[in-house]
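One structure is given here, and the rest of the page talks about it.
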Amino acid sequence: MPKVAILGAGMTKFMRRSLETGRELCWEAASAALREADMTLDQIECVVMATAPDAFDGVHMKGEYLLDGAGAKGKPYTRVYVGGGSGVFAVIAGWWHVASGAFRNCLVVAEEKMSPTQPHPQGAFNAIYDQFLERPLGVNLLWIFALEMHRYMLTYGIKLETIAGVAVKNKRNAKDHPASQVAGDFTIQQVVEAEVMAYPVTRLMVSPVTDGAVAMVLAGEEQAKKRAGKQVWVEGVGWNLDTSYWTNRDLAYPQYVENAARMAYKMAGITKPREQIHIVEPYDPFAYKELHHLEGLQLADKGQAPKLLEQGFWDRDTTTGIPSSPSGGLLGVGNPIAAAGLAKAAEIYWQLKGEAGPRQIKRQAKRGVAQAWGDLMQVGTVVVLGI
Amino acid sequence: MREQLTRNLEARAVHGDWGVWYRYTYGPAGERFFREIKDRQRLVASVCPKCGRRFLPPSLYCEDCFVEMTEFQPVAGTGTIDSFTVLHDSLEETRLAEPIIVALVRFEGVTGGCLAPLKGVKPDAVRIGMKVKPVFNTQQPTNSIADLSWSPA
Amino acid sequence: MITDLRGTSLREDDIRSGKVLTTNWHGKIDFAWDAGIAIGQFLHGLKAGKLLGRKCHQCQRVMIPPRMFCERCFRRSDEWVELKDTGRVNTFSVSYVNWDASRRQTPQVPAVIEIDGASPGMGIMHLLGEVGDNVKEVLGRVTVGTPVQAVWKPPEQRQGSITDILYFRPLGNPGTSTRGR
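Residue numbers (the numbering used here), protein chains in the order written: chain A, 2 to 388; chain B, 5 to 157; chain C, 27 to 207.
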């Protein structure tokens with residue numbers, strides 16, 4: 002399999018509402034990534050864009066609208082879209098472009114500008130529900146997550162206080178992330194007693210509405226080998242989607258994440274994930290979801306991720322466990338839907354290179370996993386990076 | 005899948021709407037563009053420090069050089085109609101009382117151009133290459149592109 | 027290394043006060059969705075006070091929501107099955123937010139309910155009723171597996187919509203069947 006490396010990454014601040022248009026956010030992230038990769042736009046051969054619902058920015062054909070800011074004018078350009086899973090899917094699609102041999106490099110950009118939606122972006126999500134059987138009930142986006150979270154809790158006897166620990170961990174980790182929007186020190190009690198949105202989800206267990214963009218430069222072996230020092234390589238990619246009949250699914254376990262992980266691990270030659278993966282950025286739009294995903298990623302047995310959380314196994318400065326969301330994740334840094342996944346992949350890249358600054362994990366890491374999720378709670382996208 | 009509906013009343017369409025609306029910010033360059041229209045009644049273009057081109061409407065970055073543009077210059081004088089069309093129907097497909105002429109106008113030495121209604125001239129008198137000048141709505145401004153129109157120079 | 031972080035953060039007040047200019051768009055986007063064959067029939071069934079499922083003879087699943095093709099066997103499904111209007115709670119929530127994120131005084135209780143007569147795991151989303159007015163009360167009355175029954179609108183008020191069922195209530199609750207035909 003041809004080798005694909007990451008030469009650089011960049012991002013904007015994650016903000017509740019940005020002055021910048023979506024295009025400008027793309028340009029800010031893309032030019033930062035090019036700078037870190039020490040490349041200019043005319044050296045880039047193709048561009049992949051990940052951006053989630055057109056309904057958020059309020060611009061139809063959003064991929065096309067954004068392309069000038071993503072440096073794609075006059076270039077082969079592809080948009081990928083699997084809801085929140087898009088940010089990691091962008092790395093996968095970028096990998097296709099280079100590993101196929103069709104291109105020597107690829108600029109990957111992910112963007113979301115949710116703030117234009119009025120009265121609230123949650124309202125745009127309304128259309129994710131079935132228009133015949135679900136919308137007439139007066140649904141809110143949060144219902145799906147609350148229903149899934151509650152099933153997870155009741156199936157394994159997990160307490161709200163335990164799950165709240167994810168929000169505490171990630172918001173604290175995010176204090177060291179310069180782009181963060183909602184970092185801070187919170188107690189378990191504050192998280193549990195925050196305003197109930199849709200039980201069991203409280204306000205501090207949900208990621209915020211965010212505008213932001215992230216970008217990354219991928220390149221083939223020929224270009225990467227000319228660089229000094231060790232490079233970070235894309236070792237495995239996997240993606241999988243489950244049925245849209247979400248009420249027919251087992252909500253206690255993300256089978257689609259397991260399927261995607263197995264695909265990526267097979268490619269990366271990982272047979273013992275808990276030993277061979279040293280750092281992980283699972284998608285955490287809700288506190289419970291990080292735990293759900295860690296189990297789908299085969300890093301904990303079903304229903305066991307919460308126990309490990311209480312033991313400090315997922316803490317950033319653990320030396321015996323696997324640091325999870327050292328960046329601060331969506332709960333701490335922010336959630337511009339498509340860009341959040343790419344921010345997680347970028348974090349693994351920076352961590353493996355030893356360039357995560359105050360967020361650098363203590364244990365040695367040679368291999369890490371970034372995972373994203375989205376659509377009607379149905380997609381798992383996984384990348385394995387190694388140095 | 006070949007079940008047929010033999011009774012019309014069984015065919016069902018369920019109605020609904022989109023629900024949300026949008027409030028867009030203009031971005032740093034767009035903000036400057038509309039401020040200049042609002043406060044100084046003039047069009048401005050942004051200048052690329054690398055290729056020297058002037059862009060209308062102004063942008064934060066040059067799309068080819070991919071560098072930031074921080075310099076703005078007024079676009080003075082008359083523009084030229086690059087193309088135009090005459091609208092007879094509304095968005096709801098009803099007939100307009102008066103047809104609307106929409107013109108894409110370019111300025112010499114400036115890359116790009118602006119689309120806006122052309123007023124003060126009959127449709128059959130409009131020609132590509134015609135000279136026009138910008139007119140700004142200062143009475144009850146909307147702070148949007150709707151505040152711009154063209155009239156024959 | 028994260029450097030060159032750009033982005034101009036705005037507060038709601040910056041926009042309200044006119045410090046920053048904005049433009050609004052209220053696009054008129056309306057839809058008339060064809061219900062299709064399966065859902066069309068399902069809605070018709072609701073009007074008659076019935077929950078309909080669809081069976082695939084190959085995998086033997088009885089599916090709700092009904093579909094004209096089995097997505098697993100990837101072939102046409104084979105017959106309509108009338109299901110019961112009772113079921114068991116798979117999961118539930120207590121929601122204080124409306125569709126547009128505005129706050130509710132009294133909560134709604136959305137739930138996934140596995141319908142009796144359909145294959146295991148075949149659930150639909152609906153609301154629970156008569157289960158209390160706050161989180162504590164609801165948690166005291168409902169859990170995974172709680173048997174529930176549909177409460178229907180009177181026949182003359184039904185329209186062939188999922189709201190022809192007002193809500194599902196715990197089977198232990200007093201009250202007579204409202205199905206009526």
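Where is the CB? At the ideal position from N, CA and C, for every residue including glycine. This one's a predicted model, so the numbers in the text were calculated from it and none came from an experiment.
> Exposed or buried, which one is A/E223 when buried takes at least 16 other CB atoms within 10 Å?
Replying inline: Numbered from its first residue, the first sequence carries residue 223 of chain A at position 222. Looking at its Cβ environment, which holds fewer than 16 other Cβ atoms inside 10 Å, A/E223 is exposed.
> Among residues of its own chain, excluding the 5 on either side of C/D190, which ones have a beta-carbon nearer than 7 Å to its beta-carbon?
Replying inline: Within the third sequence, numbered from 1, the residue matching residue 190 of chain C stands at position 164. Here the set comprises L72, K73, W178, K179, R184.
>> Bridge partners for B/K137 per DSSP, in chain order?
In response: The residue given as residue 137 of chain B occupies position 133 in the second sequence. For B/K137, which the question treats as bridged, DSSP gives the partners B/S155.
>> Could you check whether the Cβ of A/Q44 sits closer than 9 Å to any Cβ belonging to chain B?
In response: Translated into the one-based positions of the first sequence, residue 44 of chain A becomes position 43. Taking 9 Å as the threshold, the shortest C-beta distance from A/Q44 to chain B does not fall below it.
> Which chain C residues sit within Cβ distance under 9 Å of B/P204?
Replying inline: Because chain B here runs from 5 to 157, residue 204 of chain B falls outside it and cannot be looked at.
>> Taking 9 Å as the threshold (beta carbon to beta carbon), is C/R207 in contact with chain B?
In response: Here residue 207 of chain C refers to the residue found at position 181 when the third sequence is read from its first residue. Annotation note: pLDDT 39 at C/R207 (below 50); position unreliable, no value reported.
>> Please report whether the beta-carbon of C/D142 lies at a distance below 9 Å from any beta-carbon of chain A.
In response: Position 116 of the third sequence, counting from 1, holds the residue named residue 142 of chain C. So no, C/D142 is outside the interface.
> Is it true that the CB of A/V89 sits closer than 9 Å to the CB of A/Q372?
Replying inline: Here the question's residue 372 of chain A lines up with position 371 in the first sequence. Here the question's residue 89 of chain A lines up with position 88 in the first sequence. For A/Q372 and A/V89, yes; Cβs fall inside 9 Å.
> What residue range is occupied by the uninterrupted alpha helix (DSSP H) comprising A/V147?
Replying inline: For the purposes of this step, residue 147 of chain A is taken as the residue at position 146 of the first sequence. Here residue 147 of chain A is Ala; the residue named in the question, Val, does not match the sequence. Where A/A147 is concerned, the enclosing alpha helix (DSSP H) stretches over 143-157.
> Out of C/W51, C/I65, C/L154, which has the shortest C-alpha to C-alpha gap to A/H61?
Replying inline: Walking along the first sequence from the start, residue 61 of chain A turns up at place 60. Ranking C/W51, C/I65, C/L154 by Cα distance to A/H61 puts C/W51 first.
>> Taking the alpha carbon of A/K363 as the reference point, which residue from A/G330, A/D316, A/A341, A/L332 has its own alpha carbon closest?
In response: Position 362 of the first sequence, counted from the first residue, corresponds to residue 363 of chain A. Measuring from the Cα of A/K363, the nearest candidate turns out to be A/D316.
> Does DSSP put A/K63 in a helix, a strand or coil?
Replying inline: For this step, residue 63 of chain A is matched to residue 62 along the first sequence. Looking at A/K63 - three-state DSSP - the assignment turns out to be helix.
> Of all Cβ atoms in chain C, is any one closer than 9 Å to the Cβ of B/M5?
Replying inline: Mapped onto the second sequence, residue 5 of chain B falls at position 1. Any reading at B/M5 must be qualified, since the residue scores a pLDDT of 35, below 50, and its modelled position is unreliable; the value itself is stated next. Interface residue, yes.
> Which chain A residues sit within Cβ distance under 8 Å of C/W51?
Replying inline: Translated into positions along the third sequence, residue 51 of chain C becomes position 25. G59, listed in chain order.
>> Using a 10 Å radius around the Cβ and a threshold of 16 neighbouring Cβ atoms, would you call A/M378 buried or exposed?
In response: For the purposes of this step, residue 378 of chain A is identified with residue 377 of the first sequence, where counting begins at 1. Buried: at least 16 other Cβ atoms inside 10 Å.
>> If contact is defined by three or more beta carbon pairs under 8 Å, each pair taking one atom from either stretch, is the stretch 133-144 of chain A in contact with the stretch 161-172 of chain A?
In response: no
>> With a threshold of 6 Å on Cβ separation, who are the neighbours of B/E7 within its own chain once the five nearest residues in sequence on each side are excluded?
In response: Position 3 of the second sequence holds residue 7 of chain B. In this predicted model, B/E7 has a pLDDT of only 47, less than 50, meaning its place in the structure is not dependable; the value taken from the coordinates is given anyway. Excluding positions up to five away in sequence, the list is empty.
> Helix, strand or coil for C/I28 per DSSP?
Replying inline: Taking the third sequence and counting its residues from 1, the one referred to as residue 28 of chain C is at position 2. Looking at C/I28 - three-state DSSP - the assignment turns out to be coil, as it is neither helix nor strand.
> What residues of chain C sit near B/S148, judged by a beta carbon separation below 7 Å?
Replying inline: In the second sequence, counting from the first residue as 1, residue 148 of chain B sits at position 144. Chain C residues near B/S148: T49.
> Under 9 Å between the Cβ atoms of C/G79 and C/E108?
Replying inline: The sequence position of residue 79 of chain C within the third sequence is 53, counting from 1. The sequence position of residue 108 of chain C within the third sequence is 82, counting from 1. Yes. Within cutoff.
> Is the shortest distance between the beta-carbon of B/R58 and the beta-carbons of chain C less than 9 Å?
Replying inline: Residue numbering aside, residue 58 of chain B sits at position 54 when the second sequence is read from its first letter. Chain C contact via Cβ: absent.
> If A/E29 and A/T13 are in contact, beta carbons under 8 Å, what's the gap, nearest whole angstrom?
Replying inline: For the purposes of this step, residue 29 of chain A is taken as residue 28 along the first sequence, with counting starting at 1. For the purposes of this step, residue 13 of chain A is taken as residue 12 along the first sequence, with counting starting at 1. Confirmed, about 5 Å.
> What separation, rounded to the nearest whole angstrom, lies between the Cα atoms of A/P274 and C/F57?
Replying inline: The residue given as residue 274 of chain A occupies position 273 in the first sequence. The residue given as residue 57 of chain C occupies position 31 in the third sequence. Spanning the two alpha carbons is a distance of roughly 47 Å.
> Which chain A residues sit within Cβ distance under 8 Å of B/T89?
Replying inline: Locating residue 89 of chain B in the second sequence gives position 85, counting from the first residue. None at all; the shortest Cβ gap to chain A is about 21 Å.
> Mind checking whether A/A6 and A/V235 have CB atoms under 9 Å apart?
Replying inline: By one-based count along the first sequence, residue 6 of chain A stands at place 5. By one-based count along the first sequence, residue 235 of chain A stands at place 234. Yes.
>> What does the alpha-carbon distance come out to for the pair B/V136 and B/V130?
In response: Your numbering for residue 136 of chain B matches position 132 in the second sequence. Your numbering for residue 130 of chain B matches position 126 in the second sequence. Going by the C-alpha atoms only, they are around 11 Å apart.
> What does B/E75 touch in chain A if you count any residue whose Cβ is under 9 Å from its own?
Replying inline: If you number the second sequence from 1, residue 75 of chain B lands on position 71. Result: empty, since nearest Cβ-Cβ is about 17 Å, beyond 9 Å.
> Secondary structure at C/G147, three-state DSSP: helix, strand or coil?
Replying inline: Translated into positions along the third sequence, residue 147 of chain C becomes position 121. Three-state DSSP puts C/G147 in coil, outside helix and strand.
>> Using CA atoms only, rank isn't needed, just tell me which of A/W374, A/V384, A/T79, A/L20 is closest to A/I278.
In response: Looking up residue 278 of chain A in the first sequence gives position 277. Answer by Cα proximity: A/V384.
> Below 9 Å between beta carbons: does that hold for A/G221 and A/A346?
Replying inline: For the purposes of this step, residue 221 of chain A is taken as the residue at position 220 of the first sequence. For the purposes of this step, residue 346 of chain A is taken as the residue at position 345 of the first sequence. No; because the gap between Cβ atoms is not below 9 Å, this pair is not in contact.
> Is the number of C-beta pairs between the stretch 84-95 of chain B and the stretch 141-152 of chain B that are closer than 8 Å three or more?
Replying inline: no
>> Could you tell me the alpha carbon to alpha carbon distance between A/G381 and A/I189, rounded to whole angstroms?
In response: The sequence position of residue 381 of chain A within the first sequence is 380, counting from 1. The sequence position of residue 189 of chain A within the first sequence is 188, counting from 1. Approximately 29 Å, taken between the alpha carbons.
>> Can you check which of these residues, C/V138, C/W125, C/S121, is closest to C/Q131 by C-alpha distance?
In response: As a working mapping, residue 131 of chain C is identified with position 105 in the third sequence. Of the candidates C/V138, C/W125, C/S121, the one whose C-alpha sits nearest the C-alpha of C/Q131 is C/S121.
>> Can you give me the C-alpha to C-alpha distance between A/T203 and A/G23, rounded to a whole angstrom?
In response: Sequence index remark: in the first sequence, residue 203 of chain A carries index 202 (1-based). Sequence index remark: in the first sequence, residue 23 of chain A carries index 22 (1-based). Roughly 30 Å separates the two Cα atoms.
> Below 9 Å between beta carbons: does that hold for A/S326 and A/P359?
Replying inline: On the first sequence, residue 326 of chain A is found 325 positions in, with the first residue counted as 1. On the first sequence, residue 359 of chain A is found 358 positions in, with the first residue counted as 1. Taking 9 Å as the Cβ cut-off, A/S326 and A/P359 do not qualify as a contacting pair.
> What distance in whole Å lies between the Cβ atoms of C/A127 and A/G86, which are believed to be in contact at a cut-off of 8 Å?
Replying inline: For the purposes of this step, residue 86 of chain A is identified with residue 85 of the first sequence, where counting begins at 1. For the purposes of this step, residue 127 of chain C is identified with residue 101 of the third sequence, where counting begins at 1. Not a contact, Cβ separation roughly 23 Å.
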